[in-house]
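Trainee: In terms of my numbering, the sequence shown is numbered consecutively and its last residue is 289.
Positions of the beta carbon are idealized from the N, C-alpha and C atoms, including for glycine.
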Amino acid sequence: MAARIPPIQCLLTFEALARLRSVTQAADELCVTPSAVSHRIRQLEEQLGVKLFGRADFSLTTEGSEYLAQVREALAALQRFPSRGATPGRRKLRLAVTPTFARSILMPRLRHFAEAYPEIDLTLQVSIPLLDVVAEDADLTIRFGTGRYQDVEFTCILKDEVTPLASPAFVREHGPFERPEDLDGVPLLRSPLEPWRTWFAAHHLDWPEPTDGSQFNDIGLMCDGAAAGMGVALVRLKLGAPWLENGTLVRLYPHTVPSPHAHYLCWRAGAMERWECATFAAWLRQAVA
Numbered sequence: 001m002a003a004r005i006p007p008i009q010c011l012l013t014f015e016a017l018a019r020l021r022s023v024t025q026a027a028d029e030l031c032v033t034p035s036a037v038s039h040r041i042r043q044l045e046e047q048l049g050v051k052l053f054g055r056a057d058f059s060l061t062t063e064g065s066e067y068l069a070q071v072r073e074a075l076a077a078l079q080r081f082p083s084r085g086a087t088p089g090r091r092k093l094r095l096a097v098t099p100t101f102a103r104s105i106l107m108p109r110l111r112h113f114a115e116a117y118p119e120i121d122l123t124l125q126v127s128i129p130l131l132d133v134v135a136e137d138a139d140l141t142i143r144f145g146t147g148r149y150q151d152v153e154f155t156c157i158l159k160d161e162v163t164p165l166a167s168p169a170f171v172r173e174h175g176p177f178e179r180p181e182d183l184d185g186v187p188l189l190r191s192p193l194e195p196w197r198t199w200f201a202a203h204h205l206d207w208p209e210p211t212d213g214s215q216f217n218d219i220g221l222m223c224d225g226a227a228a229g230m231g232v233a234l235v236r237l238k239l240g241a242p243w244l245e246n247g248t249l250v251r252l253y254p255h256t257v258p259s260p261h262a263h264y265l266c267w268r269a270g271a272m273e274r275w276e277c278a279t280f281a282a283w284l285r286q287a288v289a
């Protein structure tokens, strides 16, 4: 009887741990928990009947070094296979993504993914974080929130800091803005995605959450409203980068405050066993780092 081939997830985990020599970093790259990394290595060693790592610093044993060379050769061959151009070998990946993350973070980098992995056909769908609306048939979903998701597995991919932004014309008309208190009486644009209480509390302002003025359920639309001179918007710097770079928005203050929310990559159990899902997840983490 032919020897049983180890599960591909065990081989990927072994290669990552041998390269990174850190359970935590390997877990982050593979989008699994550290305990899953340890379990997969034990499973692989038990199946092979050899010890792959010799010490706590994850240095390889002689058998581990020899096996690593074989594993890398095999994984390289598997990665080359979809790139041969045959239509049946192409991979489909459906991604649900929040609008402003797609506009500010993903789209400027997506060409590099397409060039690196031409065998993956990516379909983008819009998700609405405020209503928690996601495409049910999506393979991967980028959500914005607190990270308390009970229905999926997830990993944090992007944290950010917030600061007030406004158009240059608005600053000239209503400024100068030298102290946080200078926002008193100024039109504040509102969004449930980024409440003003985060900024108020950090600057010891005992102000209530604004209840008047224009409200937006999308950060990109709020940036457009601020750029049009409608008021001051509390914006995450990474998402607001396109408006800051083209000069339609400027910062009112030099200091920032950590946002209580973050962007998370989410998936259903078993999705990361698919090569295209694991590949995109690893690429995205590096692209937004």
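Quick one, which of Pro260, Arg190 and Ala201 has its alpha-carbon nearest Ala226's?
Mentor: Answer by Cα proximity: Arg190.
Trainee: Could you spell out where the beta strand (DSSP E) holding Ile219 opens and where it closes?
Mentor: Not the beta strand (DSSP E): Ile219 falls in the alpha helix (DSSP H), residues Ile219 to Ala227.
Trainee: With a cut-off of 8 Å on the beta carbons, I'd call Ala289 and Cys31 a contact; round off their distance for me.
Mentor: Actually they do not touch by this definition, with Cβ atoms about 14 Å apart.
Trainee: DSSP has Gln215 in a bridge; who is on the other side?
Mentor: Note: Gln215 sits in a beta bridge opposite Arg190.
Trainee: Please work out which residues of its chain come closer than 6 Å, Cβ to Cβ, to Thr123, disregarding the five sequence neighbours upstream and downstream, and give them in chain order.
Mentor: Answer for Thr123: Arg94, listed in chain order.
Trainee: Taking the beta strand (DSSP E) that Glu119 belongs to, which residues open and close that run?
Mentor: Here Glu119 belongs to no beta strand (DSSP E), and DSSP marks it neither H nor E.
Trainee: Between Pro195, Leu75, Ile8 and Glu181, which has its C-alpha nearest His203's C-alpha?
Mentor: For His203, the nearest C-alpha among the options comes from Glu181.
Trainee: Hey, Leu326 and Val232: beta-carbon distance below 7 Å or not?
Mentor: Any answer about residue 326 is impossible in this case: the structure gives the chain only from 1 up to 289.
Trainee: Secondary structure at Arg55, three-state DSSP: helix, strand or coil?
Mentor: In this structure, Arg55 counts as coil in the three-state DSSP scheme.
Trainee: Take Thr248 as the anchor and find which of Pro168, Glu66, Val186 and Glu194 has the nearest alpha-carbon.
Mentor: That would be Pro168, whose Cα lies nearest to the Cα of Thr248.
Trainee: What residues in its chain sit with their C-beta under 8 Å from that of Pro176, if we drop five residues either side in the sequence?
Mentor: Taken in chain order, the residues that qualify are Asp182.
Trainee: Since Val235 and Val162 should fall inside the 8 Å C-beta cutoff, what is the C-beta to C-beta distance between them, to a whole number of angstroms?
Mentor: About 6 Å; that satisfies the 8 Å criterion.
Trainee: Along the beta strand (DSSP E) that carries Leu97, what are the first and last residues, could you check?
Mentor: The question names Leu, but residue 97 in the sequence shown is Val. Looking at the DSSP string, the run of the beta strand (DSSP E) that includes Val97 is Arg91 to Val97.
Trainee: For Arg274, which residues of its own chain have a beta-carbon under 7 Å away from its beta-carbon, when the five flanking residues on both sides are left out?
Mentor: Cβ neighbours of Arg274 beyond the five flanking positions: none.
Trainee: Kindly list the residues whose CB is nearer than 8 Å to the CB of Tyr253, restricted to its own chain and excluding five residues on each side of it in sequence; keep chain order.
Mentor: Excluding residues within five positions, the ones whose Cβ falls inside 8 Å are Thr163, Pro164, Phe177 and Pro180.
Trainee: Between Pro242 and the rest of its own chain, which residues show a CB-CB distance below 6 Å, the 5 nearest in sequence each way excluded?
Mentor: Same-chain partners within the cutoff: Ser104.
Trainee: Quick one: which unbroken alpha helix (DSSP H) runs of 4-plus residues sit fully inside the stretch 251–277? Chain order, please.
Mentor: Fully enclosed alpha helix (DSSP H) runs of 4 or longer: not present.
Trainee: Quick one: is His261 buried, meaning 16 or more other Cβ sit within 10 Å of its Cβ, or exposed?
Mentor: His261 comes out buried.
Trainee: Could you have a look at Thr24 and say whether DSSP puts it in helix, strand or coil?
Mentor: It is helical.
Trainee: For Val171 and Gly220, what's the separation of their Cα atoms in angstroms?
Mentor: For Val171 and Gly220, the distance between alpha carbons rounds to 20 Å.
Trainee: Less than 7 Å between the beta carbons of Glu119 and Arg72, yes or no?
Mentor: Contact flag unset, no.
Trainee: For Thr33, which residues of its own chain have a beta-carbon under 7 Å away from its beta-carbon, when the five flanking residues on both sides are left out?
Mentor: Ala27.
Trainee: With DSSP as the reference, label Gln150 as helix, strand or coil.
Mentor: Coil, per DSSP.
Trainee: Return the chain-ordered list of same chain residues with a C-beta closer than 7 Å to the C-beta of Gln43, the five sequence neighbours on each side being excluded.
Mentor: Result list for Gln43: Cys10, in chain order.
Trainee: Select from Glu66, Gln47 and Glu46 the residue whose C-alpha is nearest the C-alpha of Glu15.
Mentor: The residue with the shortest Cα to Cα distance from Glu15 is Glu66.
Trainee: Between which two residues does the alpha helix (DSSP H) carrying Phe200 extend?
Mentor: From DSSP, the alpha helix (DSSP H) with Phe200 extends over Arg197 to Ala202.
Trainee: Flag this pair as yes or no: are the beta carbons of Leu265 and Ala281 separated by less than 7 Å?
Mentor: Cβ atoms of Leu265 and Ala281: closer than 7 Å.
Trainee: To the nearest angstrom, report how far apart Leu205 and Gly213 are at their CA atoms.
Mentor: Approximately 19 Å, taken between the alpha carbons.
Trainee: For the putative contact between Phe58 and Leu17, defined by C-beta atoms under 8 Å, what is the C-beta separation to the nearest angstrom?
Mentor: Right, the Cβ-Cβ distance comes to about 6 Å (below 8 Å), so this counts as a contact.
Trainee: When burial is assigned at 16 or more other CB atoms within 10 Å of the CB, is Glu29 buried or exposed?
Mentor: It is buried - the Cβ of Glu29 has at least 16 other Cβ atoms within 10 Å.
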